[in-house]
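For what it's worth, my numbering labels the leading residue of the sequence shown as 51, then goes sequentially.
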Amino acid sequence: MFHLLFGETKRCYRSLLRACRPSHVIPRCLIRPRRSGIEVSSDSLLEARNPLTKTLIGQEMLLIDEEGTAIQGFVPAGRVGTFDLTDGVVYKLKNFFGYHGSRSKVQYRVADHIATVSFTWNSDLAVLDNPPVPFPEDRFRFHGYEEFRANCDSKGDLYDYVGHMKLVNGQTISDHIVLDEVDISEKRHICVHVQTHDGPVMKLYIWDKAASDFCQKFKSYGGTPSVLLVTTVNPKHLGGTLALTTMSSSRVFMDADVQPSKDYLEWLSSNSDIANRVAAEVVTKPETVTLGEIFSYIKQEGSKVYKIAWFECTATIDDVVQGSAWYYVSCGGCNSKAVKGPTSLICNSKKCGKREVTGVPQYLTKISVYDESEQAVFVVLGDAGKELTGKHASELVASYFESNAGVDADHCVPVPQALLDAIGQKRRFIVKVSDHNLTGKTQTLTVTKILPPEAPQPIEHLEEKANPSKGFEDAAGDMVRKASERLESGEAKRPKSG
C-alpha cells in the first residue's frame, strides 16, 4: 500500500524518493514503497486536453504499488517534455504533490483510488541502474459487457477489453481476409465486432495510431489472429447501442502478445462451439419496419425509456418539400452550421474551436414519402443526400453558380434537377427516431443513410432468425435492442484524448 498521506491537499512531499520504469502496455507506472523511496514502472503518457478548446492540460500515467493499489499520476502541461520516461529504464523520482478528493481528476481516470500524484516544478528523475524490486511487464484491469454497459457514457474510468473478433470492417475472420489500409487511413478508424466468451457482440472502434498498430499486428501473424486485447477503452452509446472506442492511450494486442491474450486464446481453442454461439442481444443492423410502425413506436410509452433508435424502412418518394432551402452551409472542419460574420463565415460550434472557416454546402433536404401504411416527411442529411443523387451538395451548388455567373453569392440555389429526378423512386432508408420525435416536438424523421435498391443485407450470418411478428407493439422492446448504428458518418465521434 502507499505509505503517503493524501488527506492534505497540495502538500509537497519533498523528502520522498521514487523509482519508475516505463512499461509497454498503457500509460501507467508500477510502484512499490520502500524506506528509501518508491519504485515505479511506466509507459508512454496519456495526453489530457480541454474537450472544447483542445488545449493541452497535461499528461497522465497510472501508478500501481506492490499490492496492486493503483493511483492516478499527472504531469502538468508546463512540465510536459521535462520528464523523459524511456521504456525499460528505472528511475528515482524526488518531490511531488498529492491531490485528494474533489481536486482529483474525475473523467477518464485510469485508477480506482480517489487521489492523484502530480509532478512538481522541482521533481527530479534519476536513472536507477539496479532496481531491487522486479516489476511485472504487464498489468490490466478488464471489464466485460455488463460492466461497460453500466458505465456507458459516464466518461469515467477507462478499462481494458479482451475477447475474440467476429468481424473486421464487415469482413468475417478467415484466412483470406484483407485489410484495406488506404481506406482505414482515410477514415482513421477500424470497426471490429468483438465478443467475450458467449456474451453479447459489441462494436469496438479503433482509432488513429491504435488502428495503424492493429493493421501491422494483424498482418504480422502467419495466420489470421483471433483474440483482441485493447487497453483503456471508452464505453458509449452509438446509434442507441453500446460500443467501445479507443483513446489516445490505447494499445492493441493479439493472440500470443501478452499473458491475458494467451489465456483467452487457450480458452477459445477449447471452447470454439461456445464462442460461435450468437447471443440474443447481438446488435448488428436496424429492424425493418413500416412507416406506420415507426409512428406507433414513437407514440407508445415504452419507447421513452430507450430514447433514440434506428430503423430501416422502404418508402416511395412523393415530392421534394418546397419553401425552404435544400442545403445548408457547414463548417469545413466539423460540419456544424456556419454563420455569416463581419468579414467571413464563423463556426458556432464550441467544440470546433475555429472562428473563421471555409463554408461547405451540405444536404438538408426535406422529402415527403409514403408506403402502404402511412405518409411521412424525411429530412435527408449530409452524405445520405449523395446516396440519393450521386453528387455532393457542394457539386450541385457550384454547378448552379457556374451556370449563373451574375447571381449574388447570397442567392439561395433552387432545388436541383438531380433531387427532383428522385421523385417516384422507391428506396430503402435508415431513419433515426430522436428525442425530438419522442417528446412530440416534431414528426419529421431524420434519414442517416439511403441504401441501394438491391443492396445485400450485411452481416446477416450474425443475426438469429426472428420469430414471426406478433405485432409492432408487442415487439417494440426487441426492435430497440436490435436497432443499429450502422451509419458510419454519425456513429463514431470519439474524443481524441482523456
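Yeah, the Cβ is synthetic: ideal placement off N, Cα and C, and Gly gets one too.
Residue(s) in a DSSP beta bridge with PRO126: In the DSSP output, where bridge partners are listed per residue, PRO126 has GLY108.
Nearest-angstrom Cβ-Cβ length linking LYS416 and SER374, presumed shorter than 8 Å: 7 Å between Cβ atoms; contact.
Proximal residues to GLY409 (C-beta, below 8 Å), its chain only, five neighbours per side dropped: Its chain contains VAL379, SER380, CYS381, GLY382, ALA388, LEU395 as the residues whose beta carbon lies nearer than 8 Å to that of GLY409, once the 5 sequence neighbours on both sides are disregarded; these appear in chain order.
Can you tell me where the beta strand (DSSP E) with THR281 in it begins and where it stops? Counting along the chain, the beta strand (DSSP E) containing THR281 begins and ends at 277 to 288.
Per DSSP, cross-strand counterpart(s) of GLU362: In DSSP, GLU362 forms a bridge with THR338, ILE480.
Beta-carbon contacts of GLN475 that lie in its chain and below 6 Å, excluding the five residues immediately before and after: Only ILE367 meet the Cβ criterion.
Does DSSP put ASP369 in a helix, in a strand, or in coil? Three-state DSSP puts ASP369 in a strand.
Note down the Cα distance separating GLU236 from GLN412, rounded to an integer number of angstroms. When rounded, the distance between both Cα atoms is 20 Å.
Report the option in PRO502, TRP317, LYS436, TRP376 whose CA atom is closest to the CA atom of ALA365. For the residues PRO502, TRP317, LYS436, TRP376, the minimum Cα distance to ALA365 belongs to PRO502.
Residues near VAL465 by beta carbon distance below 6 Å, same chain, minus five either side: Cβ neighbours of VAL465 within its own chain (closer than 6 Å, five residues either side excluded): VAL370, TRP376.
Local Cβ density within 10 Å of SER173, reported as buried at 16 or more and exposed below that: With 16 or more Cβ atoms within 10 Å of its Cβ, SER173 is classed as buried.
Keeping to the same chain, check which residues put their C-beta closer than 8 Å to that of CYS202; ignore five residues upstream and five downstream. A distance below 8 Å between beta-carbons, with the five flanking residues on each side excluded, links CYS202 to the following residues of its chain, in chain order: PRO285, LYS286, HIS287, LEU292.
Taking the alpha carbon of LYS390 as the point to measure from, which residue in SER276, ASP460, VAL130 has its own alpha carbon closest? Checking every option, the nearest Cα to that of LYS390 belongs to ASP460.
If we ignore side chains and look at the alpha-carbon of each, how far apart do ALA505 and THR340 end up? The predicted position of ALA505 is uncertain, since its pLDDT is 47 and thus under 50; no value can be drawn from it.
Assuming ILE500 contacts LEU438 under a Cβ cut-off of 8 Å, what Cβ separation, rounded to an integer in Å, is found between them? Their Cβ separation, rounded to whole angstroms, is 5 Å, which keeps ILE500 and LEU438 in contact under 8 Å.
Return yes when at least one heavy atom of the ligand ADP lies under 7 Å from the C-beta of SER319, else no. Here there are no bound small molecules, and the ligand ADP is not part of this structure.
From this set, SER276, ILE473, THR295, which residue's C-alpha is nearest ASP307's C-alpha? Considering only alpha carbons, the answer is SER276.
Could you pull the DSSP bridge partners for GLY213 from this structure? LEU278.
Using the C-alpha atoms, what's the distance from CYS265 back to GLU231? Each residue's Cα considered, the two are about 7 Å apart.
Between which two residues does the beta strand (DSSP E) containing HIS243 stretch? 239 to 245 is the span of the beta strand (DSSP E), which, as asked, contains HIS243.
Residues of its chain near GLU197, where Cβ-Cβ distance is below 8 Å and the 5 sequence neighbours each way are ignored: Closer than 8 Å at Cβ, skipping near neighbours: TYR209.
Could you compute how far the alpha carbon of PHE479 sits from the alpha carbon of ALA426? Each residue's alpha carbon lies about 12 Å from the other.
Starting from GLN425, trace the alpha helix (DSSP H) both ways and give me its first and last residue. Unbroken run through GLN425 is the beta strand (DSSP E), 425 to 431; no alpha helix (DSSP H).
Beta strand (DSSP E) segment containing ASP421, residue limits: Where ASP421 is concerned, there is no enclosing beta strand (DSSP E), given that its DSSP letter is neither H nor E.
How far does the alpha helix (DSSP H) with CYS265 in it extend, from its first residue to its last? According to the DSSP assignment, CYS265 belongs to the alpha helix (DSSP H) that extends over 258 to 270.
Where VAL130 and GLY220 are concerned, what is the direct C-alpha to C-alpha distance, given to the nearest angstrom? Rounded to whole angstroms, VAL130 to GLY220 spans 40 Å at the Cα level.
Can you find the residues in the same chain that come closer than 7 Å, C-beta to C-beta, to SER168, ignoring five residues on each side of it along the sequence? These residues qualify, in order along the chain: PHE124, PRO126, PHE146, PHE147, TYR149.
From the DSSP output, which residues share a beta bridge with ALA293? ALA293 pairs with LYS253, LYS286.
Around the C-beta of HIS454, are 16 or more other C-beta atoms found within 10 angstroms, so that it is buried, or is it exposed? At residue 454 the sequence reads Asn, which differs from the His that was named. It counts as exposed.
Does the Cβ of TRP171 have 16 or more other Cβ atoms within 10 Å, making it buried, or fewer, making it exposed? Here TRP171 is exposed. Its C-beta has fewer than 16 other C-beta atoms within 10 Å.
Tell me the residue span of the beta strand (DSSP E) that contains ASN172. It spans 166 to 177 - the beta strand (DSSP E) in which ASN172 sits, taken as one unbroken run.
Leaving out the 5 sequence neighbours to the left and right, which residues in its chain are closer than 6 Å to ILE324 when beta-carbon positions are compared? Within the same chain, ILE324 has close Cβ partners ASP248.
Check the DSSP bridge columns for ALA388 and list the partner residues they point to. Looking at the DSSP assignment, ALA388 forms a beta bridge with CYS397.
Give me, in chain order, the residues of the same chain whose beta-carbon lies closer than 7 Å to that of ASP263; leave out the 5 immediate sequence neighbours on both sides. Within its own chain, the residues whose Cβ lies closer than 7 Å to the Cβ of ASP263, once the five positions on either side in sequence are excluded, are VAL302, listed in chain order.
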